[in-house]
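Data first, discussion second: the structure below is written as structure tokens.
There are 2 protein chains.
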Amino acid sequence: MPMPASVQSGSGQLPITQSFSVAVTGTHEVSLDAGVQRFTKQLSQLTGIPFRPAAGATPTLTIHADHGRDAIQKLGEDESYELTVSDSGAKIDAPTPLGALCGLETFLQLVTITPNGFAAPAVTIKDQPRFPWRGMLIDVSRHFIPIDVLKRNLDGMAAVKMNVLHWHLSDDQGFRAESKKFPKLTGMGSDGQFYTQDEIRDLISYAHDRGIRVVPEFDMPGHTRSWFLGYPELASGPGPYTLEGGGIDPAIDPTRESTYKFLETFIAEMAKLFPDAYFHIGGDEVDGKQWDANPKIQEFIKAHGMKNNQDLQAYFNKRLEKIVTKNHKIMVGWDEILHPDLPKNIVVQSWRGQQSLAVAAQQGYRGLLSYGYYLDLMWPTSRHYAVDPMSGAAANLTPEQKALILGGESCQWAEWVTPENIDSHIWPRNAAIAERFWSPQSVVDVNSMYARMHAVSLELESLGLMHLAARRQMLQRMAGTADITSLKVLANVVEPVKDYARSDTLQRPIDFHMPLNHMIDAAYPESDTARQFGEAVQQFIQSGYKDEAAEAQIRTRLLLWRNNDAKLHPLLEQSSLLQENVPISQNLAMLGATGLQALDYLDKGQPEPDLWKTQQAAVIEQAKKPVAGLLLQVTEPVEQLVQAASKITVH
Amino acid sequence: MPMPASVQSGSGQLPITQSFSVAVTGTHEVSLDAGVQRFTKQLSQLTGIPFRPAAGATPTLTIHADHGRDAIQKLGEDESYELTVSDSGAKIDAPTPLGALCGLETFLQLVTITPNGFAAPAVTIKDQPRFPWRGMLIDVSRHFIPIDVLKRNLDGMAAVKMNVLHWHLSDDQGFRAESKKFPKLTGMGSDGQFYTQDEIRDLISYAHDRGIRVVPEFDMPGHTRSWFLGYPELASGPGPYTLEGGGIDPAIDPTRESTYKFLETFIAEMAKLFPDAYFHIGGDEVDGKQWDANPKIQEFIKAHGMKNNQDLQAYFNKRLEKIVTKNHKIMVGWDEILHPDLPKNIVVQSWRGQQSLAVAAQQGYRGLLSYGYYLDLMWPTSRHYAVDPMSGAAANLTPEQKALILGGESCQWAEWVTPENIDSHIWPRNAAIAERFWSPQSVVDVNSMYARMHAVSLELESLGLMHLAARRQMLQRMAGTADITSLKVLANVVEPVKDYARSDTLQRPIDFHMPLNHMIDAAYPESDTARQFGEAVQQFIQSGYKDEAAEAQIRTRLLLWRNNDAKLHPLLEQSSLLQENVPISQNLAMLGATGLQALDYLDKGQPEPDLWKTQQAAVIEQAKKPVAGLLLQVTEPVEQLVQAASKITVH
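From first to last, the protein sequence lines stand for chains A and B. The first sequence begins at 1 in the working numbering and counts up one residue at a time. The second sequence begins at 1 in the working numbering and counts up one residue at a time.
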């Protein structure tokens, strides 16, 4: 995963033994050599085999790159490769080291344990990406994410062939990139947690080694509260400003020349720090209230013949674009920056949908899709997987217009993540999005996706990601020293509420410093158990209640759930972090009992008594309500069983 | 854990909330300030709470150290502290920052989750160590252990108040400390894996911050094969030498002046690199065969009026001791160095038992006990815990002689560990040994020890140790992408063979580069499940078969085991790493069935048929035999059930 463009199976397999070795022919290059070293270490980690090839032995895997890569990775640089594995050896051929690195990641995924040891199956793979821009945005403003956590996520991105880290470095809640010209940006505009320029350079080089570009985003003119603590003169309103915020959303004042003088200096500094050709200026969600409230700004709008705040933002973007261009960068921004006054080389990133991407393409602008790929919305993987940059409105574009769609980016907004649980919010779901950007549009089989994503998930955990380990750690923290077996049974069937429900239920601004140590923070965004249970129920019903294997599976689970609360309840009561889950554990027990009774009726072919049905409807209604921000994701399949049983007619 | 010298419970508890803060009064010092920062981070990690104390608020925890600590930590430096916790605040008072650091570790262990949030119970603790030297030896020669793994183990040592890392840096299989004077020591005497001097200094400083001394060991004149690859002129035989070895054990030639010239330069260099006052020269297990085989050496022995090789080693040690002393260090060595010619300030470390410790003390030498604390022998914790430096022969010493016993060291010899599984060989058992060295001799309750060790084990995992995570990772590797639930059921009841059985069964030298990725490498040295099952069986039998709770627990486990092989068998067959466990999984199933039948006979008060008894004896006999280096640790309790059932007489 991602599925290669072309896979042809051979016969036999290549054993991976202690004598495994790699040789690079053709172009030698620092990042390729480092990549080979990393690959060898990872393969050793995955297999538990310390490699000890005999001196002078024929290499097991030969890597050939035709020519070198640019010092600064370019959009659209060739990432194609051919990988052939036979029972006697393997070979990766690629025009560039970037392609060779992709081939190495594919090889890693081919290696599995077999009855005869670790081995890669014989195969011929010809592969290249569908889109040249395959990114992930990580918001480090709302919650600071340390460099080591970003690094392990870059490892994960490399494993699934993503090639852009979109680093959302500033927002209302914190400015995270050191500016030597304007030290108060982080000095006053953060809680003391930010990246030094040395750390930034180090991360960029780490990403470069893995074939990943780093595109910085400094969001303006909105989402800029953190800038104003140190530099209130940039703001459109008087302040004072605090990171905690409240009140209206502040924005940069686009009417003052001093603003542009500041940005000239700031962008020049950042343009040097970040070598990538693209520079993201944000531009989203300016609500304009602060502009409305400032008479001088409204005067400026009139004086310059503008109609409204949107025109004012376009004016700001135009001036910003000149500064960005002067620093030899290409401007990227969110949907809202789209305006005919801007040159055609800018890139529009759509958080709103394929529609706005299509509109941009029709006007000749390049675009990226992020709508549908927001990891923080807690969607099931299948829902992200179904979103395609070329579907919807984009499907009707001309080939030339379609060529303007560069790819997309998943987005990990950081309202509700910490360094501890961010991995589990990103992975493994992000692997399926990566496949959407890399693999042919025809790769859409959801069952295959889930099976392969499971394998990638284990691979990533073995390579150092913490998406599985973190939940265990967090559940244990909630439970103290108690055994967490029954707590895991509950955790396995719940998911956090979806979309913006968690923020919405607060009915006040989010406190970004509150502890995120509850079940909702530990739960996986998607429950494998619930998905598998739902599938078994589907299968059982579709079989006319005859599929015994499915029924046995359903019954085992229902029994486990019915009996779980009796064990779990005392533990929940003992912990302030778990008490809020008492009702959902009871709901699970009731659902288990309901499901078992429904199964019994189905088995006997006996219709349900009316009173029972009414009772069960109440149970199910209650189980559907979120508890402590958690949804009991096995409710619908149980409801289906009850409904199935209610349709029985006596012959 | 370790249990403090004096604990007085109070009433109420101190809540740990977001406003938690620490203040240091009295002596401020770099390592104390760093310790407080580390403590705050660890407490935040344990609770999941990001602390945000209000400016100027009363500190929750106040720390007072009377005076500073020495730049180089001394043996016997004051580590005592007083910790008082009330419902309104906590206070640590200590003569030195070392004591304050110990108090912080105790505070961390007091914090638990309660129905009302995280809290520390009100308590007054007055604490100081029983022994001033509480160490752990880590062998990094047989398998190289990277700095980051050592660091997390230093964190673990600090958590249980151990204060000496005994760094076994050279042995036959690898020389691991960079010498700039003799670069071929690592250049030819290792597989390329060694510590640079910068890394060594960094580790020493890391340990110092945690109140831990670092004592280097360069083992000589035996265990020195790795030295001879680069410097064959030091050896007593002609060579050539390889790290893989074979043949007789080589030793340094103590008869040549050039040897002492080499050691003068080498020890001077290492004495500067390692600031600790103690310097370990090994001195163990010189079998003398190479000396016997060298006529020049035998001539030397005669010419100098020595009786044998032992005298020659004493001569060597005497000259070595002069060099060590000249470099302002105190010599430490294993039992074998004990010789009246050596000055009384040396320290003898006993791997042979309390007897040799007592002999040394009677002669006025200081001593350390390591016999009984060899973690690589895979003993159950209770067996280590029962060993006391002051028991056996040492119990009869005079108070003055007893005062010469400085403490002890656990030993992690590295024949069978890798960076991946070393944590699980050390932890949590090492915590119980640490308690033996710190707590009063009267602290011996085994049940209390196991309960507290369980809590420490979870604490350590949360602080970054990998002793629990590693097994999961390794089992998953063996299983590929399959579910490992049934594999864990098996893994939970097996232990690696004990003592030197694993090496002995090889009947050839160990290949230190073989993959250690089998079940024996993943299994915990001690099975909690087996211990608890054994206890339940004891309890059930002692209750006259009336304890229903114990019986239910026994029955649940036996059922699980009886049914497990059917699920597990296909998985075992699929993996080359697991196939060898097919018989032990079958044995477990048979034991489960046997145990259930025995229970049934007991329940019915019906005597077992003779034929059945004979069959079960065979089953149990088979289950006792190691399979793939693994012992099925639930065999004895099942045997007890069968024996109990066979004693039934019909009334």
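Using N, Cα and C, we set each Cβ at its ideal position, and we do this for glycine too. Please read all numbers here as calculations on a predicted model, not as lab measurements.
Cβ-based burial, residue i [other Cβ within 10 Å; buried from 16]
i                 : result
Glu257 of chain A : exposed
Lys329 of chain A : buried
Pro380 of chain A : buried
Arg508 of chain B : exposed
Ser391 of chain B : exposed
Ile520 of chain A : buried
Asn308 of chain B : exposed
Leu577 of chain B : buried
Gly7 of chain A   : First, the amino acid is wrong: residue 7 of chain A is Val here, not Gly. Exposed, since its Cβ has fewer than 16 Cβ neighbours within 10 Å.
Glu544 of chain B : Checking the sequence shown, residue 544 of chain B turns out to be Gly, not Glu. Result: exposed.
Pro515 of chain A : buried
Tyr500 of chain B : exposed
Close-in-space but distant-in-sequence residues of the same chain around residue i (CB under 7 Å, 5 per side omitted)
i                 : result
Met3 of chain B   : Glu435, Ser439, Val443
Pro652 of chain B : Residue 652 of chain B lies beyond the stretch modelled for chain B, which goes from 1 to 651, so this question has no answer here.
Gln633 of chain B : Val493, Val494, Glu495, Ser527, Ala530
Gln128 of chain B : Ala5, Glu79, Ser80
Pro637 of chain B : Phe533, Gly534, Val537
Ser462 of chain B : Gln45, Leu46
Whole-angstrom distance between residue j and residue i, CA atom to CA atom
i                 : j                 : result
Arg429 of chain A : Ala54 of chain B  : 39 Å
Val160 of chain A : Asn421 of chain A : 20 Å
Gly246 of chain B : Asp191 of chain B : 17 Å
Lys261 of chain B : Tyr231 of chain B : 13 Å
Trp351 of chain A : Pro496 of chain A : 22 Å
Ala23 of chain A  : Arg531 of chain B : 50 Å
His208 of chain A : Ala120 of chain A : 28 Å
Glu269 of chain B : Trp291 of chain B : 28 Å
Leu101 of chain B : Leu14 of chain B  : 20 Å
Ser486 of chain B : Ser179 of chain A : 54 Å
Val324 of chain B : Asp172 of chain B : 22 Å
Gly367 of chain A : Phe131 of chain A : 11 Å
Met188 of chain B : Ala235 of chain B : 15 Å
Tyr385 of chain B : Leu571 of chain B : 38 Å
Residue i, DSSP secondary structure in three states
i                 : result
Thr112 of chain B : strand
Met3 of chain B   : coil
Val619 of chain A : helix
Phe118 of chain B : strand
Val627 of chain A : strand
Gln653 of chain B : Outside the modelled stretch of chain B, which goes from 1 to 651, sits residue 653 of chain B, for which no answer is possible.
Lys318 of chain B : helix
Met136 of chain A : strand
Ile49 of chain A  : coil
His208 of chain B : helix
Asp521 of chain A : helix
Arg366 of chain A : strand
Close beta carbons around residue i, own chain, < 6 Å, minus the five adjacent residues each side
i                 : result
His64 of chain B  : Thr25, Gly26, Asp93
Gly592 of chain B : Leu558, Trp561, Arg562
Gly364 of chain B : Lys344
Met378 of chain B : Pro496, Lys498, Pro525
Contact belief for residue i with residue j at Cβ below 8 Å, rounded distance in angstroms
i                 : j                 : result
Gln476 of chain A : Leu458 of chain B : 6 Å
Val123 of chain A : Gly10 of chain A  : 6 Å
Asp376 of chain B : Gln412 of chain B : 6 Å
Where residue i meets chain E, residues with beta-carbon distance less than 7 Å
i                 : result
Asn116 of chain A : No chain E appears in the structure shown, which is made up of the protein chains A and B.
Proximal residues to residue i (C-beta, below 8 Å), its chain only, five neighbours per side dropped
i                 : result
Gln355 of chain B : Gly392, Ala393
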